[in-house]
Every structure is written in C-alpha cells, then in structure tokens.
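Protein chains in written order, with the numbering used here: chain A, 113 to 353; chain B, 497 to 839.
In this text, a Cβ means the ideal position worked out from N, Cα and C, and glycines have one as well.
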Ligand SMILES: Nc1ncnc2c1ncn2[C@@H]1O[C@H](COP(=O)(O)OP(=O)(O)OP(=O)(O)O)[C@@H](O)[C@H]1O
Ligand SMILES: [Mg+2]
C-alpha cells in the first residue's frame, strides 16, 4: 500500500516549479518534505492532491495509476489535503463540518445526526489530545482544535493518504504539539502522511523519512534515523550533502 | 509527574463522558438546525409589544384584529421562507415584489385573457416565478455580478414587464378556489396562515434536518470549503433564487385571492418587511447562518408592529419607521455580540 510519484514536472510559464520528482509514501509512515522558499513543495503537494495538473509524470495509488482531474477525484482515490484555513464553516458544529459533503443520511436524505455525532466524537477521541465536544460550533474552537477538526474530517472521509502543507505554521506551541501528536496517531492507524514544514524540529519529532527539494529538483531522501541535522540543512541550502 | 497523570485521566474521563451521552439529547439534531440562531431578540420584542398593547389597546387581542395580523404575517412568513434560503446562501433578492406581481399578472392573464383552465393558469404563474428566479440566479452565477445589483435591476425589468402587459388595468373576479386561498377560513383560521405554516414546517425540516439544508448553510458560510468538498456551490446559488421565485409566485396567488384583484403596481412594501423579518429572526445578513423558525417569529413581529402602529392611532407611515428601527436594533445587538466574541 503506497502512493508512488514518478517523473513529476510542472512549469509555470518559463518557471520550472518542479522537475523529475520521484517520491514514495507508504501507508503508516510520515514523510516530511523540506526545502527553501520557492523550492516547489506546495506545487508538488497540489499535484498530489489533484488541485493542479502536472506537465509530466505519473501518480500511482495502491498499484493503480491515476490522472486526477480535480481534488474530488484525488479524494475518491483516498488522498486528502488539509488546508491551512478556509476549511471550516464557523457557524456550523464540528459534527456538521466533519461530515459536510459526505453526510450520513437515511434514504430520503435526512441527516442521521446521532450517528454522525457519535462517529465524530469517536474520531476526535481517538486522537491523543484533550477531547472537546463535537457539538461545539467551529467558530468557538481554538486554532489547534480547528486543525483537529479538519484532520478528523479527512479520517471520516476514509482517506488513506493525507497531505499537510505547513500544518503548524499558524499555531501556538501547545497546539503545534497537539497537531504533531495527531499526525503520529494517524500514521499509527495506518494512514500515510506527507507533511511540508519549515520547522526541522517538528520534522524530526514525527517523520520517518524526509525528502528535500532544491530549486524544483529532488535533492535527497533520507531515513530520519540515519541522517543528521547538518546533512539536512546542506541539502536544503546547497542541494547536495 | 503527578499533574501529567491527572491530566491524562481527566482527558480519558472527558472522552468517556462525551461519547457516553446516549440519551435523546445526544442523538437529537439541534432543533434549529446546523447553526445556532439567537431567537431571544424577536421573542423579547414580541413579548414587549404584546404586554404594551394589552395595556394601551385591549382590543388589540380581539379575534378580528389577530386575524388581520395573521393575514399580514402569513405573507411575510411565506416570502420569508424563500428569503431565508437566499440569504443563508449568501445572496439577497430585492426583486421579490416584482416577481410576485409579474407572476400574478401572468396567472391572471392566462386565466382571463387566454381563457386557460384554472390549474393551467396557476402552473403558468408558478413557472413565471421560477423563470424570474432562474434569470436572477444565472446572471449572478454566470456573469459573477453582485446579487443586490442584479436583483435591483431585475426588480425594474419584471415590474416593467408586468406594467407593459397590464398597463394601469386591474384584473378582478377570480374563481372561488382562489379567493378561498386568500380569504377563506378553516375552523376560524385564515387559509393564508394555514398555507404559510404548512410550508414553514416543511421548509424547516429540509433546512434544519436534511442534507440539502446543511449544504445550503455551508454554501453561504464558506463557499471555498463547500466547493472543495464537492458541493455544487453554483447549483445551490441558482437553486435558492428559483425557489424564491416559486415562493413569490405562491405569495402572488394568495394575495390575488385576498384582494380578488391583480394590480401591476402592487406589492411594493413587502420586500422591506420580508428582509426585516428574516434578519430579525436571526439569519445572518452575510450568509452561513439561518433559521426558518426565526423568520416565522420575525414575520409575526413585523406584522404585529405594523398593526400596533395603526391601532395606537399613528399614521400608517410610521410602520416603516418602526420596522426600520427593529432591523437596526437587531443588527446592533448581533454586531455587539460578534465583536465581543472576536475579542
Ligand atoms: N500559480 C503559480 N503561478 C506561477 N508561478 C507559480 C505558481 N505557483 C508556484 N509558482 C512558482 O513555482 C515555484 C515553486 O513554488 P511553490 O509554491 O511550490 O514553493 P514552496 O516550496 O511551497 O515555497 P514556500 O516554502 O515559500 O511555501 C516558485 O518559483 C513560484 O513562484
Ligand atoms: Mg508553499
């Protein structure tokens, strides 16, 4: 079970955002994606999420080749992207937010609220953070809890691979730890995670492997246990160790 | 070490408590729907007016007067159902008075000028209402024009078309079925109220407990997120205007029955009262939060104010001042609440 990207390239006009990228993410592992500003991290994530079409290359999910037309197609293949903001409807409860677009209903389309609430609470409870009541309107949540809700949504939708583009950048230190803990929880539940971050400390904490992009090319992929901070930094800065 | 352990066990307890709740309270959907709508303001204002009128004008509570309020309230309520859907989806329809009028003229013309059967004429009226809504919805979504500009212009277009066809003329002498819908009573209850309340119940169930209602809230609350989650934002936005058009046409037929007449220049103040009722009822002016029950209360409040102004011997024009004041009070209350929440 894995996502395999091979030979992915994307240009914006004359700018080669990424070129010839190969990357594999196994189910149950956390892969960190590092690189300088403009290295092409977000571009790669958007391609994997179906939000942008690549110029070249293939995406294989669990052995099947895909050509995502849009992010719904990627989601149907089991890949979800967590958006930093603009993800929740503040007036609606966490329950409604988690199931939005994939509501549990009876055959006439009426919501089975009890079932949704129970499932939503189970998911939130399965994370090792201080649990909160899923009936709370999302607008009343803390930044960390909002992130938890958004992550819970990807789980409820049955995603097997989750993309996080700088999931901790707007959070307080304690909320950051919560999100990182959840990332680990999700990996332990068998979900493959690919996480873009600028924070080496966070990457060291949760990632099994790191992929480093430099000027749109893959500078290197390392096992976390077998690399050093210095090696990672020189890959980021110079593109070689 | 101890505090950490305490934290863990209290988190576990909290998990168990949150999941363990299985009584009806835990499984019942929130009564008012996916969003929390504050209803205290309209209820309080209604109570204050009721007490005030009981002291100032006891015949306010006479059956005849209550029926008069009910007739006004039911039209506002009916149109308010459509307007609640439109505003919750982050739109606004300023053309409802003209849609009501144009569809009434279409209905009357089909019946009187073209001699079509009654049911066919009703169908013609509703279709014209739906087409007006479709026109609004398509202009707004396809040409990406602001809702209030489109519907402000189409108010002129629709009303102009009604005037072009009917001129200053009046249609009157409608079949008994139609006058019964507008003036009849069942066990003392006016038919328009029965129709409006029936539609309120149906609409509330869809709005608050059905997938369609939930997605409608999302389309207004966070269109970007809704779209990412595979919801057809454009479809919903066009849909609410078509729905509004059909509702306005139903209102037109009821009003035709009540007056036993169609005048192409009628139904001008209904827009103000309808928008006021929806906003006073707690629906958020900028979308994402709404309640049909709130609109029911708001409609009742607006009709009561109009009636009270006249009963107290003020000139009828003061009703506009009162209605405007109610909107301002409500918006002021909510925006204070919001600023406090953001602090
Ligand atoms: N929509 C776009 N149109 C034109 N150029 C783009 C677009 N998106 C990205 N680029 C360019 O592609 C390159 C890679 O951008 P990308 O956003 O993927 O970098 P990044 O690694 O995510 O950077 P950061 O760390 O700043 O988020 C940059 O040179 C950027 O200017
Ligand atoms: Mg980026």
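Practice task
Report the rounded CA-to-CA distance for residue 266/A versus residue 274/A, giving the unit in angstroms.
Solution key: Within the first chain, the letter at position 154 stands for residue 266/A. Within the first chain, the letter at position 162 stands for residue 274/A. The alpha-carbon atoms of residue 266/A and residue 274/A are separated by roughly 7 angstroms.
Exercise for the section: For residue 586/B, go through chain A and note every residue whose CB falls closer than 8 angstroms to its CB, in chain order. Expected result: Position 90 of the second chain, counting from 1, holds the residue named residue 586/B. Neighbours of residue 586/B on chain A: none; closest Cβ ~11 angstroms, over 8 angstroms.
Problem - Opposing strand residues paired with residue 192/A [DSSP bridges] - result: As a position in the first chain, residue 192/A is number 80, starting the count at 1. DSSP output for residue 192/A lists 274/A as bridge partner(s).
Practice task
Pull out every residue of the region 715-741 of chain B whose Cβ sits closer than 8 angstroms to any Cβ of chain A, in chain order.
Solution key: 717, 718, 720, 721, 722, 724, 725, 726, 727
Handout entry: residue 584/B versus residue 229/A: straight-line alpha-carbon distance, rounded
Key = To locate residue 584/B, count along the second chain from 1; it is residue 88. To locate residue 229/A, count along the first chain from 1; it is residue 117. Rounded to whole angstroms, residue 584/B to residue 229/A spans 23 angstroms at the Cα level.
Handout entry: Contacts that residue 233/A makes with chain B (C-beta to C-beta distance below 8 angstroms)
Key = Numbered from 1 along the first chain, position 121 holds the residue referred to as residue 233/A. Residues of chain B passing the Cβ test: 514, 515.
Exercise for the section: Report yes or no: is there a C-beta of chain A within less than 8 angstroms of the C-beta of residue 534/B? Expected result: Looking up residue 534/B in the second chain gives position 38. Chain A, which has no Cβ nearer than 8 angstroms to the Cβ of residue 534/B, makes this no.
Exercise for the section: Could you please go through the chain and list the residues whose beta-carbon is closer than 6 angstroms to any non-hydrogen atom of ligand 1? Expected result: 124/A, 127/A, 129/A, 147/A, 149/A, 150/A, 151/A, 152/A, 153/A, 154/A, 155/A
Exercise for the section: Would you mind stating whether residue 294/A and residue 260/A have Cβ atoms separated by less than 8 angstroms? Expected result: For the purposes of this step, residue 294/A is identified with residue 182 of the first chain, where counting begins at 1. For the purposes of this step, residue 260/A is identified with residue 148 of the first chain, where counting begins at 1. Contact: yes.
Practice task
Could you tell me whether the region 619-634 of chain B touches the region 739-752 of chain B, where touching means 3 or more Cβ pairs closer than 8 angstroms?
Solution key: yes
Problem - Sequence-distant residues of the same chain with beta carbon closer than 6 angstroms to residue 766/B, five excluded per side - result: Locating residue 766/B in the second chain gives position 270, where the first residue counts as 1. Around residue 766/B: 593.
Practice task
Check whether the Cβ of residue 499/B lies closer than 8 angstroms to any Cβ atom in chain A.
Solution key: What you label residue 499/B is simply residue 3 of the second chain in a count that begins at 1. Any reading at residue 499/B must be qualified, since the residue scores a pLDDT of 46, below 50, and its modelled position is unreliable; no value is offered.
Exercise for the section: Please determine, among 752/B, 770/B, 771/B, the residue with the shortest C-alpha to C-alpha distance to residue 762/B. Expected result: Locating residue 762/B in the second chain gives position 266, where the first residue counts as 1. The option with the nearest alpha carbon to residue 762/B is 752/B.
Exercise for the section: For residue 705/B, count neighbouring Cβ atoms within 10 angstroms of its own Cβ and tell me buried if that reaches 16, exposed if not. Expected result: Taking the first residue of the second chain as position 1, residue 705/B is located at position 209. It is buried - the Cβ of residue 705/B has at least 16 other Cβ atoms within 10 Å.
Handout entry: Straight-line Cα distance separating residue 134/A from residue 346/A
Key = The sequence position of residue 346/A within the first chain is 234, counting from 1. The sequence position of residue 134/A within the first chain is 22, counting from 1. Computed Cα separation, rounded: 20 angstroms.
Practice task
Assuming residue 662/B contacts residue 760/B (C-beta within less than 8 angstroms), just tell me the rounded distance between them.
Solution key: Counted from its first residue, the second chain places residue 662/B at position 166. Counted from its first residue, the second chain places residue 760/B at position 264. With a Cβ gap of about 4 angstroms, residue 662/B and residue 760/B count as contacting.
Exercise for the section: For residue 205/A, write down the residues that DSSP places opposite it in a beta bridge. Expected result: As a first step, residue 205/A is located in the first chain; it is residue number 93 there, counting from the start. According to DSSP, residue 205/A bridges with 249/A.
Practice task
Return helix, strand or coil for residue 840/B, following the three-state DSSP convention.
Solution key: Chain B is shown only over 497 to 839; residue 840/B falls outside these bounds and no answer can be derived.
Practice task
Confirm, please, whether the CB-CB distance from residue 231/A to residue 89/A is below 8 angstroms.
Solution key: Examination of residue 89/A is not possible in this model, given that chain A is present from 113 through 353 alone.
Problem - residue 123/A: first and last residue of the uninterrupted beta strand (DSSP E) it sits in - result: The residue you call residue 123/A lines up with position 11 of the first chain. Its beta strand (DSSP E) spans residues 114-124.
Handout entry: Cβ-based neighbour list, residue 717/B, same chain, cut-off 6 angstroms, excluding 5 preceding and 5 following
Key = As a working mapping, residue 717/B is identified with position 221 in the second chain. Excluding residues within five positions, the ones whose Cβ falls inside 6 angstroms are 784.
Exercise for the section: Go ahead and pull the three-state DSSP assignment for residue 501/B. Expected result: If you number the second chain from 1, residue 501/B lands on position 5. Unreliable positioning characterises residue 501/B in this predicted model, as indicated by a pLDDT of 48, which lies under 50. A coordinate reading is not provided.
Practice task
Could you list which residues in chain A have their beta carbon closer than 8 angstroms to that of residue 708/B, in chain order?
Solution key: For this step, residue 708/B is matched to residue 212 along the second chain. Neighbours of residue 708/B on chain A, chain order: 221.
Handout entry: Presumed contact (8 angstroms Cβ cut-off) between residue 813/B and residue 756/B, rounded CB distance
Key = Mapped onto the second chain, residue 813/B falls at position 317. Mapped onto the second chain, residue 756/B falls at position 260. Residue 813/B to residue 756/B, Cβ: 26 angstroms. No contact.
Practice task
Taking the CB atoms as reference points, tell me whether residue 657/B and residue 598/B lie closer together than 8 angstroms.
Solution key: The sequence position of residue 657/B within the second chain is 161, counting from 1. The sequence position of residue 598/B within the second chain is 102, counting from 1. Result yes, Cβ atoms of residue 657/B and residue 598/B sit closer than 8 angstroms.
Exercise for the section: Compare the Cα-Cα distances from residue 803/B to each of 789/B, 819/B, 788/B, 533/B and report the closest residue. Expected result: Position 307 of the second chain, counting from 1, holds the residue named residue 803/B. Minimum Cα distance to residue 803/B is reached at 819/B.
Exercise for the section: Whole angstroms is fine: what's the gap from residue 217/A's alpha carbon to residue 223/A's? Expected result: On the first chain, residue 217/A is found 105 positions in, with the first residue counted as 1. On the first chain, residue 223/A is found 111 positions in, with the first residue counted as 1. Each residue's Cα considered, the two are about 4 angstroms apart.
Practice task
Look up residue 178/A in the DSSP assignment and give the residues it is bridged to.
Solution key: Within the first chain, the letter at position 66 stands for residue 178/A. Partner(s): 171/A.
Practice task
Express the C-alpha separation of residue 172/A and residue 340/A in angstroms, rounding to a whole number.
Solution key: Here residue 340/A refers to the residue found at position 228 of the first chain. Here residue 172/A refers to the residue found at position 60 of the first chain. Going by the C-alpha atoms only, they are around 30 angstroms apart.
Practice task
Since I believe residue 633/B is in contact with residue 734/B (beta carbons under 8 angstroms), could you give me their beta-carbon distance rounded to a whole number of angstroms?
Solution key: What you label residue 734/B is simply residue 238 of the second chain in a count that begins at 1. What you label residue 633/B is simply residue 137 of the second chain in a count that begins at 1. Between residue 633/B and residue 734/B the Cβ distance is about 3 angstroms, and since that is below 8 angstroms, they are a contact.
Problem - Reference residue 650/B, options 791/B, 737/B, 808/B, closest by Cα - result: The sequence position of residue 650/B within the second chain is 154, counting from 1. It is 737/B.
Exercise for the section: Can you have a look at residue 579/B and say buried or exposed, based on whether 16 or more other CB atoms are within 10 angstroms of its CB? Expected result: Here residue 579/B is taken as the residue at index 83 of the second chain, counted from 1. Under this definition residue 579/B is a buried residue.
Handout entry: Within 8 angstroms, strictly: CB atoms of residue 673/B and residue 614/B
Key = Here residue 673/B refers to the residue found at position 177 of the second chain. Here residue 614/B refers to the residue found at position 118 of the second chain. Their beta carbons are under 8 angstroms apart, which means residue 673/B touches residue 614/B by this criterion.
Exercise for the section: Note down, one range per segment and in chain order, each alpha helix (DSSP H) of at least 4 residues found wholly within the region 736-782 of chain B. Expected result: 766-776
Practice task
Buried or exposed for residue 782/B, please, with buried defined as at least 16 other CB atoms from any protein chain shown within 10 angstroms of its CB.
Solution key: As a working note, residue 782/B is residue 286 in the second chain. Counting Cβ neighbours within 10 Å, residue 782/B comes out exposed, since fewer than 16 surround it.
Exercise for the section: Put residue 508/B into one of helix, strand or coil per three-state DSSP. Expected result: Locating residue 508/B in the second chain gives position 12, counting from the first residue. Three-state result, residue 508/B: helix.
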